[in-house]
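Reading through the structure tokens given below for one structure.
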Amino acid sequence: MTTTHESLSDHRKLALIIGNDNYHRSENSLNYSIQTANELNNLLEQIDFHVTTRCDLEKYDMTTTIVNFTKTIKDGDLVLFYFSGHGYQVKDINYLIPINDAWIKM
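Be aware that the sequence shown starts at 10, since it is given in the working numbering, and climbs by one per residue.
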């Protein structure tokens, strides 16, 4: 029997997980972002995701990691992006905050 519907298992499952705990401004440090990132990594691997997990990324590394990950995505891929750390919203634009947060002026 032929079908035009492709099953989800025919596609790659990719995930990028970033967990930031140890912010340079100690008052911004978190306790569980890295733990959460690692737990999600383990769960996704159990359901056959190819997972890239990075923790405590500074601005350059965070940007490079995201850009490089997006370059691996192909048509038909199932993609999950997860960020655990600080974020900020200005005029309906959301920002993910890297650990070298001293440069941020609020």
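Glycine included, each C-beta is placed from N, C-alpha and C at the ideal position.
Note that the coordinates shown come from a computational prediction; the quantities given were computed from them, not determined experimentally.
Work out the CA separation of residue j and residue i for me, nearest whole Å.
| i | j | result |
| --- | --- | --- |
| Pro107 | Arg63 | 12 Å |
| Tyr32 | Asp65 | 8 Å |
| Asp57 | Asn109 | 33 Å |
| Thr11 | Asp84 | Any reading at Thr11 must be qualified, since the residue scores a pLDDT of 43, below 50, and its modelled position is unreliable; the value itself is stated next. Cα to Cα, Thr11 sits roughly 22 Å from Asp84. |
| His20 | Asp86 | 5 Å |
Using CA atoms only, rank isn't needed, just tell me which of the options is closest to residue i.
| i | options | result |
| --- | --- | --- |
| Asn29 | Thr79, Tyr41, Thr72, Lys22 | Tyr41 |
| Thr61 | Ile82, Tyr69, Lys68 | Ile82 |
| Gly96 | Ser38, Ala24, Leu23 | Ser38 |
| Asn103 | Leu53, Phe92, Thr79 | Phe92 |
Can you tell me which residues form a DSSP beta bridge with residue i?
| i | result |
| --- | --- |
| Ile106 | In DSSP, Ile106 forms no bridge with anything. |
Would a C-beta distance cut-off of 7 Å place residue i and residue j closer than the cut-off?
| i | j | result |
| --- | --- | --- |
| Ala24 | Leu89 | yes |
- prompt: Of all the beta strand (DSSP E) runs that stay within the bounds of the region 37-104, which reach a length of 3 or more residues?
  reply: 59-64, 87-93, 96-99
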